[in-house]
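Okay, structure first, notes after.
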Amino acid sequence: MKRGIVFLTLVLSVAVLSGVHAQNNRALQAYVDRFQESSPEVKLQILESADMLSAEELGPLYVEALQFALANSDQLDTNSVIREIALFATREIGEGGYSQATGMLWRLFQEYPDNTSRILVLDVLGRVGTGSAQAVADVNGWVRDQANLNRGGVQIDRQVLRKAVQTLGVFADESSFAVLLDVQLARISDPITADARASMEVLPGDYADRAIETINARSIADRLDALNYFLGDPALAPEERSSVAAGVLEEAIRERFRLPSDVQAQRVVRYVCVNQLIDVPVPGITNLLVDHFDLTFTDYGRGMTTKTWVLEAIAALGATGTERAAERLTELLDLLNTYTETSGPYDTQIMLAVVTNLQDLGSMVAYDALFTVRLLDYPERVREAAREALDALSE
């Protein structure tokens, strides 16, 4: 008996809901039909007086209003009624969370002549466009274009750009990471930079990994600014900054360039990465640092780089604490000893750097090469450094 009552109640509930739904559909269609056949002034009155349904249920009517405004977009800046129809529909779409209107809202954003209306559209997009890949792509593309225009000296609407940057934070889509970085590097204004930073911080994914991907996706000529940004980023721990440096260094060593300007930009990127890795080494990258040293030492021999970078490349190997680093520096010391035997003493600073870093590495593989330094015609401070290194190895 009870089961029968429950079943009957369910049937009646479904019937009532179906009836309500049908009635609502009829009311919505009546609004749409009246709207389509009316003058602009009456259209606005219909929108303002449509109170039989909720804002969410009236979504199709508001889409109809946006279509009307877009069809007459050339009058948005001169016809106050058409503009008010568009604005009213936009506000109500946001109130009802009608996500189906997302694409049309973006079209309206592109047509609106004034920044107040465009800011309203962006605010509504943030409420109804979250999760829409197309909405994210549209706002990403527009923001990127504005940053590029600003770099080119073109006057842009900073108020609208700031709202767009905030909207990307609301969307919180990982694809916005590179765009928000570009905005910060463009240094358009302090408020826009701060908002871009805040929006970037809420994006999903590992921050350091995203930084590496974003830097390496840029052209080699544009990589340094982004690299310096993250290496100075207080949100990253020193170990994370070194992880970023290692990821960027690996890509820079792998790539090959022909243009002299690109080759030089590649060198500078490598040097900056290695400078970070001296102070905070990353495990497992000795072979990468060996490759970097080989490239740097070759460039030095050809007069294409300065001794400073050779010394840093040596220091980076010394900081690894690995046997492979000791082997490579020992090979270098053997080579320098050969130079000294045939052509006279090699550069004192480089010699001292090799000897002291071999001492720090503490590998017996360097013993014979260090012993040879004691026998050759090096400056006394080089020979003394070799003696200290040998003493350290013997302890």
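Each residue of the sequence shown is one higher than the one before, counting from 6 in our numbering.
Beta carbons are placed, not taken as given, at the ideal position from N, Cα and C, and that holds for glycine.
With contacts defined by Cβ atoms closer than 7 Å, residue 168 and residue 127 form a contacting pair.
Of the candidates 92, 162, 113, the residue whose Cα lies closest to the Cα of residue 193 is 162.
Closest by C-alpha distance to residue 223, out of 370, 184, 40, 198, is 184.
Pairing residue 198 with residue 130 gives a Cβ-Cβ distance that is not under 7 Å. Contact between residue 316 and residue 258 is ruled out by a C-beta separation of about 19 Å, above the 8 Å threshold. Between residue 331 and residue 306, the alpha-carbon positions lie close to 22 Å from each other. Shown here, residue 152 sits in a helix according to DSSP, grouped into three states. Spanning the alpha carbons of residue 132 and residue 211 requires a straight line of approximately 26 Å. In terms of Cα proximity to residue 148, the closest of 69, 76, 174, 367 is 174. It is roughly 10 Å from the alpha-carbon of residue 209 to the alpha-carbon of residue 180.
For the set 87, 34, 102, 166, the Cα lying nearest the Cα of residue 124 is the one of 166.
Put simply, the stretch 51 to 58 does not touch the stretch 72 to 82. Fewer than three CB pairs are less than 8 Å apart. By the C-beta density criterion, residue 242 is exposed, having fewer than 16 other C-beta atoms within 10 angstroms. When 69, 366, 188, 275 are compared, the shortest CA-CA separation from residue 42 is found for 69.
In summary, residue 155 is buried, with 16 or more beta-carbon neighbours lying within 10 Å of its beta-carbon over all protein chains present.
Of the residues 368, 327, 382, the one whose Cα lies closest to the Cα of residue 349 is 382. When rounded, the separation of the alpha-carbon atoms in residue 195 and residue 151 is 16 Å. Apart from the 5 residues on each side of it in sequence, residue 67 sits with its Cβ closer than 6 Å to the Cβ of 94, 97, 98 in its chain, given in chain order. Bounds of the alpha helix (DSSP H) holding residue 323 are 312 to 325. Cβ atoms of residue 314 and residue 344 stay farther apart than 8 Å, at about 20 Å. Assigned with DSSP and collapsed to three states, residue 45 falls in helix. With contacts defined as CB atoms closer than 7 Å, residue 108 and residue 64 fail to qualify as a contacting pair. Per DSSP, the continuous alpha helix (DSSP H) segment holding residue 345 begins and ends at 328 to 348.
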